[in-house]
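A.B. asks: Take this structure first; my questions come after.
2 protein chains.
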Amino acid sequence: MEIIQSPQNKQIKEWKKLSSKKGRLNQRLYMLDGWHLVKEAIRANENIQRFLIVPDSRYVDEFNELNSTKAEITYISSEVAHALSETISPQGIFAIMMTNESRSMLPSNLSGAWLLLDGVQDPGNIGTMIRTADAAGFRGVVFGNGTGDLYQPKVVRSMQGSQFHLELLQVDLTLFIAELKKKKIPTFGTELNKDAKSYDEIGKYTDFGLIMGNEGNGVQPEHLKMTRHNLYIPIIGKAESLNVAVAAGILMYTLKK
Amino acid sequence: MEIIQSPQNKQIKEWKKLSSKKGRLNQRLYMLDGWHLVKEAIRANENIQRFLIVPDSRYVDEFNELNSTKAEITYISSEVAHALSETISPQGIFAIMMTNESRSMLPSNLSGAWLLLDGVQDPGNIGTMIRTADAAGFRGVVFGNGTGDLYQPKVVRSMQGSQFHLELLQVDLTLFIAELKKKKIPTFGTELNKDAKSYDEIGKYTDFGLIMGNEGNGVQPEHLKMTRHNLYIPIIGKAESLNVAVAAGILMYTLKK
């Protein structure tokens, strides 16, 4: 068995570059780190380019049992695993994944529930919202302009494999909301404004869009003008606002039929 | 005006130690970093020991206008601010705060809504849940054994000043739940188990306890046995679970009358 021993190995250095946006764009790849995420990729059986495995990782047996994909396996040393991982104790199992290049296509059928991200920046928030959209039975998440990159390591970590369960699109939100409108599907905006409607007063829906905005500035005014209703979650105590991922969770579970 | 110029200054080194749990326990102090948090402390006007300010911070005018507390002010250089801060671009305004030493006392009147943290570990989750409890109009948050430290920097950052709006207690949860029970106040547990009741089927309450558990292991079985009901949030898609802070947000807003 050939094992790549050195973090200075040329190919390892290339994979290491996948932690930067530039590296991911150049190579059209991203990385999954750890058995939980790799398992989700194997179950989905799509877009896997290669597995990287430390031969004495405690997950090797589980991996061999579950893996029925045809992706190649490269063995690496524990030192290389530490160089590739952003965690302190890497599990010694990675997957190199192909990024999805067809994300900017607008589906012809827009039924189902869509979460629209309007300039959301924090990768933990983005990943958590995708995970929640998955749990709540949404069809997909649309990354509007100014929203953070889907494939950055912290997003990948916090979405916990939900990229394999949802349609993740990169489409201008003005265009997307207009398309929903054309098909008579309502879009709901969110604002911190009591002139908006309380989130629990508009009922439940099967087909709709829900826009969540930037952590500091909220949803862009031009998008708020295109919605059927703009919603707020009442603040009963003295906090100034809710974390955007928490607010998204409350709204998704309340609005989804 | 005297300005502490060097990060090597003895007092600065002491304050720097407040980023560790040991330092906070020894000195009974913790630190607020940035104008948003300092503003909340001034509004609450309690437990402030001292302000640390870079004289040319852009927040100095706002600070002078708002500050009516009697806490002392120490001026520091921008270099010192960088040494004290965990952020890349510190705002040059800090407060040294006294930790609350009476947190382990059980209030005699337990009315209102309480969030009980049972071994929650991630500081971002803890802080976000406290912020949400504040927004939802909860009375307090109880830190059970094994839950992360309230005053660690990431908790302080993500709770955004809600420590000034809520009662934050450190009490054994078995004791706390038993006290609620004695007063006929229901406690609800949470589990990832469809034998539990769906969260939206038990109505709304004014006085109650809600237990959220550890990220990996959930609520301790001994606590689940003491509750009136154990609740779950249905997973409609393929995600394995919800982030604990998102789940807490959905539950707090659904259960609180």
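If you're matching them up, the sequences are chains C and R in order. The numbering of the first sequence is the numbering used here, which starts it at 8 and goes up by one. The numbering of the second sequence is the numbering used here, which starts it at 8 and goes up by one. Using N, Cα and C, we set each Cβ at its ideal position, and we do this for glycine too.
1. Three or more C-beta pairs under 8 Å: does that hold for the region 141–158 of chain C against the region 114–124 of chain C?
2. If you draw a straight line from the C-alpha of tyrosine 239 of chain R to the C-alpha of serine 85 of chain R, how long is it?
3. Thinking C-alpha only, which one of C/Asp179, C/Pro160, C/Gly144 is nearest methionine 112 of chain C?
4. Among the candidates R/Phe70, R/Leu59, R/Leu231, whose CA atom is the shortest distance from the CA of isoleucine 184 of chain R?
5. Could you tell me which of C/Asn250, C/Glu69, C/Ala51, C/His172 sits nearest to alanine 142 of chain C, measuring between CA atoms?
6. By how many angstroms is the C-alpha of tyrosine 206 of chain R removed from the C-alpha of leucine 258 of chain R?
7. Within the same chain, show all residues whose beta-carbon is closer than 7 Å to that of lysine 161 of chain C, passing over the 5 residues directly before and after it, in chain order.
8. Against chain R, which members of the region 187–205 of chain C pass a CB distance test of less than 8 Å?
9. Tell me, please, which residues DSSP counts as bridged to serine 205 of chain R.
10. Quick check: what's the CA-CA separation for methionine 38 of chain R versus asparagine 224 of chain C?
11. Using the Cα positions of serine 92 of chain R and methionine 8 of chain C, report the straight-line distance between them to the nearest angstrom.
12. Does DSSP put glutamine 56 of chain C in a helix, in a strand, or in coil?
13. Give a yes or no on whether the minimum CB-CB distance between leucine 173 of chain R and chain C is below 9 Å.
14. Pull out every residue of the region 248–259 of chain R whose Cβ sits closer than 7 Å to any Cβ of chain C, in chain order.
15. Of all Cβ atoms in chain C, is any one closer than 9 Å to the Cβ of aspartate 141 of chain R?
16. Can you tell me whether glycine 216 of chain C is buried or exposed? The criterion is at least 16 other CB atoms within 10 Å of its CB, across all chains shown.
17. Distance, Cα to Cα, histidine 89 of chain C vs serine 75 of chain R?
18. Phenylalanine 150 of chain R touches chain C at which residues, Cβ-Cβ below 8 Å?
19. Based on the DSSP output, what are the partners of glutamate 102 of chain R in its beta bridges?
20. Exposed or buried, what is glycine 210 of chain R when buried is set at 16 or more other beta-carbons lying within 10 Å of its beta-carbon?
21. Could you tell me whether the Cβ atoms of glycine 144 of chain C and lysine 263 of chain C are closer together than 9 Å?
22. By the three-class DSSP mapping on this structure, what secondary structure does asparagine 221 of chain R have?
23. Would you kindly check if the distance between the Cβ of arginine 57 of chain C and the Cβ of tyrosine 158 of chain C is under 9 Å?
24. For glycine 119 of chain R, name the three-state secondary structure that DSSP assigns.
25. Between the Cα of serine 64 of chain C and those of C/Ile55, C/Val87, C/Lys23, C/Tyr212, spot the shortest distance and give me the residue it belongs to.
26. Buried or exposed, going by whether 16 or more other CB atoms sit within 10 Å of the CB of glutamine 98 of chain R?
27. How is glutamate 79 of chain R classed by DSSP in three states: helix, strand or coil?
28. Would you say glutamate 247 of chain C and glutamine 128 of chain R are within 9 Å of each other, going by their C-beta atoms?
29. To the nearest angstrom, how far is it from the Cα of proline 62 of chain C to the Cα of leucine 249 of chain C?
30. Report, in whole angstroms, the separation of the C-beta atoms of leucine 73 of chain R and lysine 46 of chain R, which I expect to be a contact under 8 Å.
31. Going along chain R in order, which residues have a C-beta closer than 9 Å to the C-beta of glutamine 167 of chain C?
32. Could you name the residues that DSSP lists as bridge partners for isoleucine 11 of chain C?
33. Kindly give me the distance between the Cβ atoms of glycine 220 of chain R and threonine 197 of chain R, rounded to whole angstroms, as I take these residues to be in contact under 8 Å.
34. Quick one: Cα of glycine 153 of chain C to Cα of proline 14 of chain R, how far?
35. To the nearest whole angstrom, what separates the beta carbons of isoleucine 10 of chain C and isoleucine 83 of chain C, a pair I think is in contact under 8 Å?
36. If you measure from the beta carbon of arginine 164 of chain C to each beta carbon in chain R, is any gap under 9 Å?
C.D. replies: In short:
1. yes
2. Counted from its first residue, the second sequence places residue 239 of chain R at position 232. Counted from its first residue, the second sequence places residue 85 of chain R at position 78. Using only the alpha carbons, I get a separation of about 49 Å.
3. The residue you call residue 112 of chain C lines up with position 105 of the first sequence. The candidate whose alpha carbon is nearest that of methionine 112 of chain C is C/Asp179.
4. Within the second sequence, numbered from 1, the residue matching residue 184 of chain R stands at position 177. With distances taken between Cα atoms, isoleucine 184 of chain R lies closest to R/Leu231.
5. As a first step, residue 142 of chain C is located in the first sequence; it is residue number 135 there, counting from the start. The residue with the shortest Cα to Cα distance from alanine 142 of chain C is C/His172.
6. Taking the first residue of the second sequence as position 1, residue 258 of chain R is located at position 251. Taking the first residue of the second sequence as position 1, residue 206 of chain R is located at position 199. Cα to Cα, the separation comes out at about 7 Å.
7. Counting from 1 along the first sequence, the entry for residue 161 of chain C is found at position 154. So the qualifying residues of the chain are Pro130, Gly131, Gly134.
8. none
9. Along the second sequence, one-based indexing puts residue 205 of chain R at 198. Partner(s): R/Tyr239.
10. As a first step, residue 38 of chain R is located in the second sequence; it is residue number 31 there, counting from the start. As a first step, residue 224 of chain C is located in the first sequence; it is residue number 217 there, counting from the start. Roughly 27 Å separates the two Cα atoms.
11. In the second sequence, the residue the question calls residue 92 of chain R occupies position 85. In the first sequence, the residue the question calls residue 8 of chain C occupies position 1. Cα-Cα distance, rounded: 48 Å.
12. The sequence position of residue 56 of chain C within the first sequence is 49, counting from 1. Glutamine 56 of chain C: strand per DSSP, three-state reduction.
13. Taking the second sequence and counting its residues from 1, the one referred to as residue 173 of chain R is at position 166. Interface residue, yes.
14. Leu249, Asn250, Ala252, Val253, Gly256, Ile257
15. As a first step, residue 141 of chain R must be located in the second sequence, where it is residue number 134. So yes, aspartate 141 of chain R belongs to the interface.
16. Within the first sequence, the letter at position 209 stands for residue 216 of chain C. Burial of glycine 216 of chain C is indicated by the presence of at least 16 other C-beta atoms within 10 angstroms of its C-beta.
17. Here residue 89 of chain C is taken as the residue at index 82 of the first sequence, counted from 1. Here residue 75 of chain R is taken as the residue at index 68 of the second sequence, counted from 1. Straight-line Cα distance between these residues: approximately 51 Å.
18. In the second sequence, residue 150 of chain R corresponds to position 143, counting from 1. Within chain C, no residue comes near phenylalanine 150 of chain R; the closest Cβ sits about 18 Å away, beyond 8 Å.
19. If you number the second sequence from 1, residue 102 of chain R lands on position 95. Looking at the sequence provided, one finds alanine at residue 102 of chain R rather than glutamate. Paired residue(s): R/Leu39, R/Phe58.
20. As a first step, residue 210 of chain R is located in the second sequence; it is residue number 203 there, counting from the start. Under this definition glycine 210 of chain R is an exposed residue.
21. Looking up residue 144 of chain C in the first sequence gives position 137. Looking up residue 263 of chain C in the first sequence gives position 256. A contact, by the Cβ cut-off of 9 Å.
22. Along the second sequence, read from residue 1 onward, the residue named residue 221 of chain R stands at position 214. Residue state, collapsed to three classes: strand.
23. Numbered from 1 along the first sequence, position 151 holds the residue referred to as residue 158 of chain C. Numbered from 1 along the first sequence, position 50 holds the residue referred to as residue 57 of chain C. In this structure, arginine 57 of chain C does not lie closer than 9 Å to tyrosine 158 of chain C by Cβ.
24. On the second sequence, residue 119 of chain R is found 112 positions in, with the first residue counted as 1. Of the three classes helix, strand and coil, the one that applies to glycine 119 of chain R here is coil, per DSSP.
25. Counted from its first residue, the first sequence places residue 64 of chain C at position 57. Per the Cα distances, C/Val87.
26. Within the second sequence, residue 98 of chain R is the residue found at index 91, counting from 1. That one is buried.
27. Position 72 of the second sequence, counted from the first residue, corresponds to residue 79 of chain R. In the structure shown, glutamate 79 of chain R sits in a strand (DSSP, three-state: E or B).
28. Taking the first sequence and counting its residues from 1, the one referred to as residue 247 of chain C is at position 240. Taking the second sequence and counting its residues from 1, the one referred to as residue 128 of chain R is at position 121. Result no, Cβ atoms of glutamate 247 of chain C and glutamine 128 of chain R do not sit closer than 9 Å.
29. Indexing the first sequence from 1 puts residue 62 of chain C at position 55. Indexing the first sequence from 1 puts residue 249 of chain C at position 242. The straight-line gap from Cα to Cα measures roughly 45 Å.
30. Reading the second sequence from its first residue, position 66 is the one you call residue 73 of chain R. Reading the second sequence from its first residue, position 39 is the one you call residue 46 of chain R. The Cβ separation is near 7 Å, so the contact holds.
31. Your numbering for residue 167 of chain C matches position 160 in the first sequence. Within 9 Å Cβ-Cβ: Ala246, Glu247, Ser248, Asn250.
32. On the first sequence, residue 11 of chain C is found 4 positions in, with the first residue counted as 1. Under the DSSP definition of a beta bridge, isoleucine 11 of chain C partners with C/Ile83.
33. Taking the first residue of the second sequence as position 1, residue 220 of chain R is located at position 213. Taking the first residue of the second sequence as position 1, residue 197 of chain R is located at position 190. With a Cβ gap of about 7 Å, glycine 220 of chain R and threonine 197 of chain R count as contacting.
34. Your numbering for residue 153 of chain C matches position 146 in the first sequence. Your numbering for residue 14 of chain R matches position 7 in the second sequence. Roughly 37 Å separates the two Cα atoms.
35. Working through the first sequence from its first residue, we reach residue 10 of chain C at position 3. Working through the first sequence from its first residue, we reach residue 83 of chain C at position 76. That pair is a contact at about 7 Å.
36. On the first sequence, residue 164 of chain C is found 157 positions in, with the first residue counted as 1. So no, arginine 164 of chain C is outside the interface.
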